[in-house]
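One structure is given below, encoded as structure tokens.
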Amino acid sequence: MEEIGKAFNALFSKIGDFFDVFDLSFIVSGAALIGSIYIWLEASDFSLPSTIKKDINVFTLVVMCYIAGLVCFALGRFIRYRIIYIFLKKEKRNKYNKFVEALKAHQLTDYEKYRPYLDEENLQSSRLYIRLWAEIRQNEELAPSFSLLRRYWVMAATYDGLASVALFWIYTAVDASLGLSISQLEPLQGGLSIFIAVLVFYVCSREAKRYVSNQIEEIVATLAATNG
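The sequence shown begins at 1112 in this note's numbering and counts up one residue at a time.
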């Protein structure tokens, strides 16, 4: 029975590794974008030719969604870390400032092995952040915390990707409001559509930021509990 249990654990581990590579967080945003583009094309003058529709199979569609999801994630994270911070001066603080604050709150800045990273105005805090990830990843006793950290990362990536999709929804709502390539909506409907799309973008960006903050707090709290 023990050997069977080990065999199943190895099988589930392989399946988990597959989904780690083919991350479902990218599939979510990619599918949302591909679906949105398809609906927009069908409602506009740029409908896809029937031959292309017939040639697209399930595997091709999944790959398209995955690639689109990667692009959405990269764009969403770039917008959140770069463009938004330009307009929101009070938010112009990167995650490593938050990381150092968490270290101080848990009194980890006095640990001898962490102190060299925090000299010279926290110039090495990013490397310390990576080291703490490695310490948690290599410690089997911290597997529950590492699993939670991965979940936080996946959720942040998903919301970053959906924020990018919301940008396309904003464009579609503006398009429908002005009647550029889609049948024009009533002013109230168009305005409401734009408002909802903008709200979705804001909420998704905010949730992505919140999960990154939770991830930082969890990393530091885990190390504090381990060294405590």
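Think of the CB as a built atom: it goes at the ideal place given N, C-alpha and C, for glycine as much as any other residue.
{"Asked": "With the cut-off set at 8 Å, would you say Ile1241 and Phe1257 are in Cβ contact?", "Found": "no"}
{"Asked": "Could you give the distance in angstroms between the alpha-carbon of Ala1154 and the alpha-carbon of Gly1302?", "Found": "19 Å"}
{"Asked": "From Tyr1322 to Glu1297, what does the alpha carbon distance come to, in whole angstroms?", "Found": "37 Å"}
{"Asked": "Within 10 Å of its beta-carbon, does Gly1146 have 16 or more other beta-carbons around it, so buried, or fewer, so exposed?", "Found": "exposed"}
{"Asked": "Could you please give the first and the last residue of the uninterrupted alpha helix (DSSP H) stretch that includes Thr1283?", "Found": "Ala1254 to Leu1289"}
{"Asked": "If you count every other CB in all the chains shown that lies within 10 Å of the CB of Gln1326, and 16 or more means buried, which is it?", "Found": "buried"}
{"Asked": "Give every residue of the same chain whose Cβ lies closer than 6 Å to the Cβ of Phe1279, excluding the five residues on either side of it in the sequence, and list them in chain order.", "Found": "Ser1147"}
{"Asked": "Using DSSP with H/G/I as helix, E/B as strand and the rest coil, what is Ser1237?", "Found": "helix"}
{"Asked": "Could you spell out where the alpha helix (DSSP H) holding Glu1329 opens and where it closes?", "Found": "Pro1298 to Asn1338"}
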